[in-house]
Amino acid sequence: MTAELLRPAALPRLAPRGPLAAWADRLAALPPGLSASEDSTWQQLGVRLDPASPGARAVEALLGAALPTTPSTSAATREGDVVWLGPDEWLVLAPGARPVPVPALADAVRASGGSVVDVSAQRTTLRLTGPAVPDLLRGGCAVDLHRSVFAPGTAVQTSIAQIGVLLLARAPGGTDVTVLVRSTFAGALADWILDAAVEASAPGPLDDGQGGA
Amino acid sequence: MQLIECPWCGPREEVEFSYGGQAHVPYPADPAALGDEEWAHYVFFRDNTAGVWAERWMHATACRRWFNALRDTRTHAFLTTYRPGDPVPSPDPHPTPTPEGAANG
Amino acid sequence: MSTAPATGVPEHPSFLWRNPDPKPSYDVVIVGGGGHGLATAHYLAKNHGITNVAVLEKGWLAGGNMARNTTLIRSNYLWDESAAIYEHSLKLWETLEEDLDYPILFSQRGVLNLAHTLQDVRDSVRRVGANVLNGVDAEWVDTAGVAELCPIVNTSPDIRYPVLGATYQPRAGIAKHDYVAWGLARRADEAGIDLIQDCEVLGFTTDGDRVTGVRTSRGDIACGTLALCAAGRTSTLTDELGFRVPLQSHPLQALVSELLEPVHPTVVMSNAVHVYVSQAHKGELVMGAGVDSYNGYGQRGSFHIVERQMAAAVELFPVFARAHVLRTWGGVVDVTPDASPIVGRTPYENVYLNCGWGTGGFKATPGVGWCLAHTVATGEPHPYNAPFTLDRFVSGRLVDEHGAAAVAH
Amino acid sequence: MAERVEGRGRLDRSRELRFTFDGREFTGHPGDTLASALLAAGELTVARSSARGRPRGVLAAGAEEPNALVQVEHPFPDPMQLATTLELFDGLVARGLAGRGRLADVPDPARYDTRHAHADVVVVGAGPAGLVAALTAARAGARVVLVDENPEPGGSLLGADDVLDGRPALDWVAAARAELAGHEDVLQLQRTTAVGSYDDGLVLALEKRTDHLGAAAPRTLARQRVWRIRARHVVTATGAYERPVVFPDDDRPGILLASAARTYLHRYGVLAGRDVVVFTCDDAAYAAALDLAAAGAAVRVLDARPAAPAAWASRCTAAGVPVRAAAVVTAALGDDRVRGVRVADFAGGVVGTGGEVACDLLLVSGGWNPAVQLFSQSGGSLRYDGDLGSFVPGAPLRTVHVAGAARGELTLAQALRDGERSAVDVLTALGRPAPASSLPDAAPAPERSPGLLLWRVPVEGDGRDEFVDLQRDATVADVRRAVGAGLRSVEHVKRYTTIGTAHDQGRTSGVITSGLVAELLGRSVAEMGVTKHRPPTVPVAFAALAGRNRGDLYDPVRRTAVHAWHEAHGAVFEDVGTWKRPRYYPRRSADGSVEEMDAAVLRECAAVRTGVGIMDGSTLGGISVRGPDAGVLLDLLYTGVMSSLRVGSVRYGVMCGVDGTVLDDGTVLRLDEEEFLVSTTTGGAAKVLDWMEEWLQTEWPHLRVHLTSVTDQWAVFPVVGPLSRAVVGAFAPDVDVSAEAFGFMTWRATEVGDVPVLLSRVSFSGELAFEVMVDSRWAAAVWERLVAIGEPHRITPYGTETMHVLRAEKGYPIIGQDTDGTVTPQDLGLGWAVSRKKADFVGKRSFARPANLDPSRRQLVGLLPLDPDLRLPEGSQLVAAAELPPPPVPMLGFVTSSYRSAALGRTFALALVAGGRDRLGEEVFAVVDGRTVAARITSSVLLDPEGARRDG
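Residue numbers (the numbering used here), protein chains in the order written: chain A, 1 to 213; chain B, 1001 to 1105; chain C, 2001 to 2409; chain D, 3001 to 3952.
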């Protein structure tokens, strides 16, 4: 007879774990002027839809925000953000605790030939804040972070070193950026940030007039 | 290292793109009707223009859309980029001006 | 007379070639005065006694890929047809210095192709096995073997892609490209062959399925037989002649360091950590990697390719950290869908084609010169170049040297 | 004798820096270079020439220096530094180089990194022209990056005593620097050399951040930094290099360029000689003559031109400096250093008779070569300027501008005006109004009179001691010999003589060589041209270009959600693309011994075949294919029919390239009417998504279907083996996991706790198996629960090596191992997965080509060595006979996969063999270490061919 199986009820509740769990303490010990914290609880929905379709209007009503059509931009929704990813593609972000109702969204887009995919675990988010963030990012990302072109509402898909990322500007000049990165690359990005921070911890010998904050 | 004007995202570093070779070579309507030579010409033969030609690029690290470009392979300079399905623009002698907006469009 | 200009590099002879004006007609006209064109001319004279030949070069002799490659010579290719022609070439390399009576600094110091993944190891054992059965000297060496043959390679198990071993061809090595070119040119010129520079082919005159002559920037030249050896610019010529070839011309970059004391005893190549490097006779490190992805005739490439190559070089050779890049440049290599050349007939009865060598052109120089001379002289491809037909792309009988590079499971 | 003089130079004389050169102790001051400190100590000789071993001294004061190449030994071996640009620091140990540098044999501890920067305009060179250009642009509100190779701005002004607005020019420089520092959008970078100018305004510059601190450099700071400056316009204000004149023994230590001697005096407080002869063809040398005289040297000037320029001649008379026109130096005297010159009349190009003059310093000026490297690199064409005797920028480029001496505007006033003009051009192109002009007043300088074009002093002789490229020891004799050999192109002459191939890339020798060849061939210099300018402008360390892409950051390490568990349980990892995948889990016994791989794999295989195993399959690609035409798209790309797949079912599929070779394979789940979930191989994930997007966007945009990567959304854990049903049943109690209720190749969705889970009956081992799919944020928890539930059944984690064995026992091919880009589905025996009904799919037409129908194609078969204990090395070639004939030996195929099988109790292999399926039962011979080993060809399915184990 097979051995007595453990009753599932007797087992601990299944708890989620972010990809950067093993990096949390090291990221917490970054030098002054640079802090990084992971939040893998965001709901993330990949939406494909013709921006001119009736479905688009329905989605806007549901989200409480106009779908951004200017490339590399995002708009604030009632709960989170909606980010332009392509001419007929957006990423809807909402706090895990106050998610957008997926069935309602799916119905809104179906008639217009659109689609919704739950990709909440495909990427994790890493919020980078502090005066040293622009210099950190400029160490591996070609995006111009000058306040005139990188301010709240800017959402750029690019890469840091060889890691694909989506940057959401939370403050002008890049001192407060939410970085979305593929979950399986998150550790590599964290290692890259920890290595870059070795320099950020020492006072730079030269002033850096790159039009920061 | 060039700036390539993605028709959607605007000018971006060349490393963000992947190359697709000659443009406007449609998949044959009925491959089964082609002789081996015609089929080989679709599979293996492309132009290899030394000058301005139409070619395909994909913005791999951002909008991930395919688009076409007119480029002079002698100088590597882009003349213009255009969306798939759009007609081939006439080769504008004046290459794409250095972009007015910043690098992230 | 003054000793050689730099540290111990042999001196060039005091006479090389005549710079004649083009005659109105020749028995054989070779388009392209690079390594392959000059080798073909040399072997037409040496093996077949054919000397009423002109080599037409649009710029300065051997100024194209022959002046821009990383000078690697090996024959450890996978497929039987490739191994045959590259091994034939290597055997000719082994007697070329005597044949040309010219110091070409041919150095058989061995080539290591590093394996970094389990699939690399399988592909390597397969290639070594095929090489040995094709009579090519090749062996598989483990990580310790690599460290012994080339101590400066980082064989630590902790690097990003540890070295799991390598294929090794002891008879492979390097030679000095411009010495080889000038040696071939001098022999051809001596035999009465006209080397015509600043002579660009602008068009052709044809009669049915024969080409009767070439129109050039220095006048019209009639020809009995025509051989095309224009490498990256072949398509421009075949377009003029009205037939298509499956070539795409890409930039291929290379670079050299400053002169360094000898530190790198052999040639090392790696695909996964993409770079290949040797140290030339004078002491400079000579390095290259893959082609740029896009088509380009600008003889230059994108700098991110060089940067990626530098990261690979320092990863594999930590002692190169403070070597300096002295100069970077690019060539134009014509690549075929199966990364194998086309050497043989064309739709024209008296026109023969040699192209598609991609990154393998320099090492094939004497071998393809010998084969093309045979094909031109006899009208029949030699067994070595017979498989490399234009119509193999129709039948599907490719010689696919590309195929092996795949990531398993 | 060269010596330090009081009251001059921009040194901190209060501090002494000790250094060692060629084994001898010296001292210098902060602000010195190695060259200036050596000169100050009277040391003229810095190296032996590479080929002829002749003593060589400093010729110049900057990057154009051909001789003073040194090897740094401390703080860390650096094979090629220029003494003229190496900032002195305490504790430096260096030695003169005879051509070849020495690399360290220990890793370099320094850090290197990179920075991106963006600007409206990048100005290269903070001399007078560059500073004005930067100021003008900054005042108009433009974003400016100003890079300059020196420790402080000023450029040529640092080496002279010019006056601006009535005050020392360097006061104006300090004010300009302060003003620029006040602009938020201006980045000033000193000790930074622009090494490359590429397309669309990209300038690569190398910043030396801590070299000048020597061993005191903080370890945490990057020693060098590569700046990637993307600017809409580039202004190159890179000045010009003075060139010498060639004459016999022109390589003696104690021969300097006139401007260099002036720089050593004003910038480093060094008077390079007491008895000075100045031999010039150009006005600029007179300033050097007068300054050295004012510093106490006895100076005489020889001007090759018929008449000396009046204004300078009168100044010389007033300063007691004799000037002799129409005179040339026909030889330098002295072996170890210059001790005198032979002088002669020079009229109508003919050298007359002359005498000797003693001197301890000979200054030379043959004219100026504008620094056009960056302009030329950007694709700018060059034009020969007959007055200058050099090449200047030709037709202007739209976004790359040249200002000042780099364009042949040689006087200070011209440089200032030209700097402003270039900035106004940029601002106009940017549509910004230019600020009011506010140039400083340059003190009036004599009008420049035309220079004399003289490449070499036309003396008789074989030219063997007339040096053209000092670093390469290349002479006029070599140039003559090259032309005599038939060479007509300067590119040929460069390779024949090696002139211009050294670190200085022909800065002082390039134009002279073109001049000499032109004279020998009776052609114009314009016609000859110069050899191509290529990046980098100065040598750049490999490690600087590698930046921080080193070690684990060389290529990103990709980890599944369960990576930490695998590490904690001692997994040995394998690199698969950028992934780290557990290969096997060796057991560690109490005595600390670690299980060997073969033993671990046999154990893992046995556990799966007899009990239950669990693997992390999360690295497989996942693509959501959604929309009304999803089935149509899949039918066009897969060889089999996918549109007929029922919701709730799973189907295996193969994808081919247009040429009919296998691209990838995997399973497809139909989630609902308009949604499929496609899985790919680990290596194929990105490739397949790109492949599908390419066809959808460029060939079939009309299809209503969308593709989304979900590779990282889902974790996938195969739970495999006869006891897998018990474990999965307990894990997901709401699902009836019986064979009848949950059939093979179907899936069920459920929830465990409140976590959605998807189970599918997919087997890659032939055993009863369930793939557990869950949101990757719950992956670690689910894995731990499955392991906990499976613990009573001794559930065993297994890695890729065991997975390979299990699938090979069933004859399932692995794309990328059993295929090599030339293999078709039919070759693999997957003809059953190729639809005959479909009109077309990608690759189908290629199946009908002659080569595809050739019966001798290599086909996947099983292979059993006659010695059941011998494992054939993967990759072994297969031949027909035991006796190997001499090469070339025809080969029948090769071993693709080879393992020891617990289930079969023996070794076995898979192989691609010519006409293999028609040879079942035949013997074939594997070549192992040069000898043949017999093996029997079998069907590729060696275990449970009837598939009895699949339903458990």
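Ideal Cβ positions, reconstructed from N, Cα and C, are used throughout, including at glycine.
What's the C-alpha gap between G1105 (chain B) and G3431 (chain D)?
-> Counted from its first residue, the second sequence places residue 1105 (chain B) at position 105. Counted from its first residue, the fourth sequence places residue 3431 (chain D) at position 431. Because the pLDDT of G1105 (chain B) is 28, which lies under 50, any placement of that residue in the model is unreliable, and the number read from its coordinates should be weighed accordingly. Roughly 19 Å separates the two Cα atoms.
Exposed or buried, what is T70 (chain A) when buried is set at 16 or more other beta-carbons lying within 10 Å of its beta-carbon?
On the first sequence, position 70 is the one that residue 70 (chain A) refers to. So T70 (chain A) counts as exposed.
Practice task
Give the straight-line distance between the Cα atoms of R3609 (chain D) and V3772 (chain D), rounded to the nearest whole angstrom.
Solution key: Along the fourth sequence, read from residue 1 onward, the residue named residue 3609 (chain D) stands at position 609. Along the fourth sequence, read from residue 1 onward, the residue named residue 3772 (chain D) stands at position 772. If I take the Cα positions, the gap works out to 19 Å.
Practice problem: Check whether the Cβ atoms of V3328 (chain D) and A3293 (chain D) lie closer than 8 Å to each other. | Solution: Sequence index remark: in the fourth sequence, residue 3328 (chain D) carries index 328 (1-based). Sequence index remark: in the fourth sequence, residue 3293 (chain D) carries index 293 (1-based). No, these two residues do not count as a Cβ contact at 8 Å.
- Message: For R3670 (chain D), report the span of its alpha helix (DSSP H) as first-last.
- Response: Residue mapping note: residue 3670 (chain D) aligns to position 670 of the fourth sequence, counting from 1. It is not in any alpha helix (DSSP H) - R3670 (chain D) instead sits in the beta strand (DSSP E) that spans 3662-3672.
I'd like to know whether the C-beta atoms of A3288 (chain D) and A3258 (chain D) end up nearer to each other than 8 Å.
Within the fourth sequence, numbered from 1, the residue matching residue 3288 (chain D) stands at position 288. Within the fourth sequence, numbered from 1, the residue matching residue 3258 (chain D) stands at position 258. Their beta carbons are under 8 Å apart, which means A3288 (chain D) touches A3258 (chain D) by this criterion.
- prompt: Which residues bound the alpha helix (DSSP H) around E3491 (chain D)?
  reply: Residue 3491 (chain D) sits at position 491 when you count from the first residue of the fourth sequence. Taken as a continuous stretch (DSSP letters only), the alpha helix (DSSP H) holding E3491 (chain D) covers 3490-3497.
_Whole angstroms are fine: how far does the CA of D3108 (chain D) sit from the CA of Q3859 (chain D)?_
What you label residue 3859 (chain D) is simply residue 859 of the fourth sequence in a count that begins at 1. What you label residue 3108 (chain D) is simply residue 108 of the fourth sequence in a count that begins at 1. Straight-line Cα distance between these residues: approximately 51 Å.
- Can you give the beta carbon distance from L128 (chain A) to A36 (chain A), rounded, assuming they're within the 8 Å contact cut? Mapped onto the first sequence, residue 128 (chain A) falls at position 128. Mapped onto the first sequence, residue 36 (chain A) falls at position 36. 5 Å between Cβ atoms; contact.
*Counting pairs of beta carbons, one from the region 2358-2368 of chain C and one from the region 2029-2042 of chain C, are three or more of them closer than 8 Å?*
yes
Cβ pair A2230 (chain C), L2061 (chain C) closer than 8 Å
On the third sequence, position 230 is the one that residue 2230 (chain C) refers to. On the third sequence, position 61 is the one that residue 2061 (chain C) refers to. No, the Cβ-Cβ distance between A2230 (chain C) and L2061 (chain C) is not below 8 Å.
According to DSSP, simplified to helix, strand and coil, what is E199 (chain A)? Working through the first sequence from its first residue, we reach residue 199 (chain A) at position 199. If DSSP states are grouped into helix, strand and coil, E199 (chain A) belongs with the helices.
Counting Cβ pairs closer than 8 Å, one from the region 3449-3467 of chain D and one from the region 3409-3422 of chain D, do we hit at least three?
no
- Item | Reduced DSSP secondary structure (H/G/I, E/B, other) of T2 (chain A) | What you label residue 2 (chain A) is simply residue 2 of the first sequence in a count that begins at 1. The predicted model places T2 (chain A) with a pLDDT of 44, which falls under 50 and marks its position as unreliable; any figure quoted below should be read in that light. Coil.
### Message
Measuring straight from C-alpha to C-alpha, what distance separates L3362 (chain D) and Q3373 (chain D)?
### Response
Here residue 3362 (chain D) refers to the residue found at position 362 when the fourth sequence is read from its first residue. Here residue 3373 (chain D) refers to the residue found at position 373 when the fourth sequence is read from its first residue. If I take the Cα positions, the gap works out to 29 Å.
Task: Members of the region 1072-1086 of chain B that neighbour chain C once the beta carbon cut-off is set at 8 Å - done: T1073, R1074, T1075, H1076
Query raised in the report: What residues of chain D sit near Q1022 (chain B), judged by a beta carbon separation below 8 Å?
Result: Sequence index remark: in the second sequence, residue 1022 (chain B) carries index 22 (1-based). By Cβ distance, chain D contributes nothing, its closest Cβ being about 12 Å from Q1022 (chain B), past 8 Å.
Taking the alpha helix (DSSP H) that P2366 (chain C) belongs to, which residues open and close that run?
What you label residue 2366 (chain C) is simply residue 366 of the third sequence in a count that begins at 1. Its alpha helix (DSSP H) spans residues 2361-2378.
* Contacts of V1043 (chain B) in chain D (Cβ-Cβ under 8 Å) -> Here residue 1043 (chain B) refers to the residue found at position 43 of the second sequence. Chain D residues near V1043 (chain B): V3658, D3659, S3846.
Fill in: Below-8 Å beta-carbon distance, E2217 (chain C) vs any chain B residue
On the third sequence, position 217 is the one that residue 2217 (chain C) refers to. The identity of residue 2217 (chain C) in the sequence shown is Ser, whereas the question assumes Glu. No, S2217 (chain C) does not count as interfacial toward chain B.
### Message
Beta carbons nearer than 8 Å to chain B: which residues of the region 2284-2304 of chain C have them?
### Response
S2293, Y2294, N2295, G2296, Y2297, G2298, R2300, S2302, F2303, H2304
Next item on the list: Determine the burial state of P1026 (chain B): buried for a count of at least 16 other Cβ atoms within 10 Å of its Cβ, exposed for fewer.
Entry: As a first step, residue 1026 (chain B) is located in the second sequence; it is residue number 26 there, counting from the start. The residue is exposed, with fewer than 16 neighbouring Cβ atoms inside 10 Å.
Query raised in the report: Between L166 (chain A) and L3202 (chain D), what straight-line distance do the alpha-carbon atoms span, to the nearest angstrom?
Result: Taking the first sequence and counting its residues from 1, one reaches residue 166 (chain A) at position 166. Taking the fourth sequence and counting its residues from 1, one reaches residue 3202 (chain D) at position 202. Each residue's alpha carbon lies about 24 Å from the other.
| task | Confirm, please, whether the CB-CB distance from L3082 (chain D) to A3063 (chain D) is below 8 Å. | result | Numbered from 1 along the fourth sequence, position 63 holds the residue referred to as residue 3063 (chain D). Numbered from 1 along the fourth sequence, position 82 holds the residue referred to as residue 3082 (chain D). Against a cut-off of 8 Å, the Cβ pair of L3082 (chain D) and A3063 (chain D) comes out as a contact.
- Item | Whole-angstrom C-beta distance between L2112 (chain C) and G2149 (chain C), which should lie under 8 Å | Mapped onto the third sequence, residue 2149 (chain C) falls at position 149. Mapped onto the third sequence, residue 2112 (chain C) falls at position 112. Rather than Gly, the amino acid found at residue 2149 (chain C) in this sequence is Leu. Confirmed, Cβ separation roughly 6 Å.
### Task
With A3780 (chain D) as the anchor, note down where its alpha helix (DSSP H) starts and where it stops.
Start at 1 with the first residue of the fourth sequence, and residue 3780 (chain D) comes out as number 780. Element bounds for A3780 (chain D): 3779-3790.
Q.
When you compare the CB positions of S3835 (chain D) and A3561 (chain D), do they come within less than 8 Å of one another, or not?
A. For the purposes of this step, residue 3835 (chain D) is identified with residue 835 of the fourth sequence, where counting begins at 1. For the purposes of this step, residue 3561 (chain D) is identified with residue 561 of the fourth sequence, where counting begins at 1. Contact: no.
So what's Q3190 (chain D) in DSSP terms, helix, strand or just coil? Start at 1 with the first residue of the fourth sequence, and residue 3190 (chain D) comes out as number 190. Of the three classes helix, strand and coil, the one that applies to Q3190 (chain D) here is coil, per DSSP.
- Task: For F3021 (chain D), count neighbouring Cβ atoms within 10 angstroms of its own Cβ and tell me buried if that reaches 16, exposed if not.
- Result: In the fourth sequence, counting from the first residue as 1, residue 3021 (chain D) sits at position 21. Result: buried.
Residue of C:Q2248, C:V2325, C:P2341, C:S2278 minimising C-alpha distance to V2153 (chain C) = Numbered from its first residue, the third sequence carries residue 2153 (chain C) at position 153. The shortest Cα separation from V2153 (chain C) among C:Q2248, C:V2325, C:P2341, C:S2278 belongs to C:S2278.
- Task: Identify every residue that forms a DSSP beta bridge with E1013 (chain B).
- Result: For this step, residue 1013 (chain B) is matched to residue 13 along the second sequence. In DSSP, E1013 (chain B) forms a bridge with B:L1003.
Discussion item. Counting only beta-carbon separations shorter than 8 Å, does E3574 (chain D) have a partner in chain C?
Written reply: Along the fourth sequence, read from residue 1 onward, the residue named residue 3574 (chain D) stands at position 574. Yes, E3574 (chain D) lies at the interface with chain C (some Cβ there is under 8 Å from its Cβ).
For this session: Apply the 10 Å Cβ neighbour rule to E3006 (chain D) and answer buried if 16 or more other Cβ atoms are within range, or exposed otherwise.
Result: Residue numbering aside, residue 3006 (chain D) sits at position 6 when the fourth sequence is read from its first letter. Exposed, by the Cβ-count rule.
- Verify the CB distance criterion: does S72 (chain A) have a CB-CB separation below 8 Å to chain B? One-based indexing of the first sequence puts residue 72 (chain A) at position 72. Judged by the 8 Å Cβ criterion, S72 (chain A) is in contact with chain B.
Could you name the residues of chain D that R2122 (chain C) contacts, counting a contact when the two beta carbons are closer than 7 Å? The residue you call residue 2122 (chain C) lines up with position 122 of the third sequence. Here the neighbours are Q3817, E3874, G3875.
request  = Work out the CA separation of E3242 (chain D) and R3507 (chain D) for me, nearest whole Å.
outcome  = Numbered from 1 along the fourth sequence, position 507 holds the residue referred to as residue 3507 (chain D). Numbered from 1 along the fourth sequence, position 242 holds the residue referred to as residue 3242 (chain D). Cα to Cα, R3507 (chain D) sits roughly 9 Å from E3242 (chain D).
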